[in-house]
Amino acid sequence: MMNEKDNTNLAEKDHLEILADAISDVGYWTWWAEKLPDVYQIEFGGSQLYFPPTDPEHPPQSRIAVQFRQPTSVNFISRKDYANTFEWSQQLHNDEIGPPTCTHGEFISLIKSC
Numbered sequence: 001m002m003n004e005k006d007n008t009n010l011a012e013k014d015h016l017e018i019l020a021d022a023i024s025d026v027g028y029w030t031w032w033a034e035k036l037p038d039v040y041q042i043e044f045g046g047s048q049l050y051f052p053p054t055d056p057e058h059p060p061q062s063r064i065a066v067q068f069r070q071p072t073s074v075n076f077i078s079r080k081d082y083a084n085t086f087e088w089s090q091q092l093h094n095d096e097i098g099p100p101t102c103t104h105g106e107f108i109s110l111i112k113s114c
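Below you can see the structure in the form of structure tokens.
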């Protein structure tokens with residue numbers, strides 16, 4: 001198990017890869033919001049990051065939000081052979097559909113392209 005001192009010497013890419021692992025193993029994308037050009041936020045559930053419970057009677061939280069300030073671009077990516085109108089992105093934002101999963105390979109590929 002890594003302690004806080006171990007994390008201080010990691011590069012930003014290493015932090016992103018740890019985050020990608022914590023989300024992609026069993027996590028899922030739950031929501032997004034934007035106030036472009038200033039901010040874009042995505043939320044994930046089922047992350048494997050430990051946050052102490054706010055109440056001893058409840059389990060620890062597994063939902064996290066990642067906020068990007070002044071992003072250069074925001075893109076929704078789909079498979080080439082999949083016809084996409086991107087209605088799903090607005091439906092996800094409006095909580096009208098269930099969350100898509102994030103596979104490890106797809107998430108790591110995205111992180112490495114940053």
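Residue numbers (our numbering): 1 to 114.
C-beta: ideal position from N, C-alpha, C; glycine also.
Same chain, Cβ closer than 6 Å to residue i, five either side skipped, listed in chain order
i   : result
W31 : E43
Nearest residue (CA-CA) to residue i, options the options
i    : options               : result
Y50  : L16, I64 and V39      : I64
P136 : S24, H15, H58 and K35 : Outside the displayed span of the chain (1 to 114) sits residue 136, for which this structure offers no information.
P37  : F68, F76, D95 and E96 : F68
Where residue i falls, given that 16 or more other Cβ within 10 Å makes a residue buried
i   : result
G27 : buried
S47 : buried
L10 : exposed
Under the three-state DSSP convention, the category residue i falls into
i   : result
E96 : coil
S73 : coil
Beta-carbon proximity list for residue i, same chain, < 7 Å, skipping 5 on both sides
i   : result
A22 : S47, Q48 and L49
Cβ-based neighbour list, residue i, same chain, cut-off 8 Å, excluding 5 preceding and 5 following
i   : result
T61 : Per the sequence shown, the amino acid found at residue 61 is Gln instead of Thr. The residues are F51, P53 and T54.
Q41 : W32, A33, E34, A65, V66, Q67 and F68
Segments of 4+ residues assigned as alpha helix (DSSP H) that fall wholly inside the region 1-69: 4-7 and 12-24
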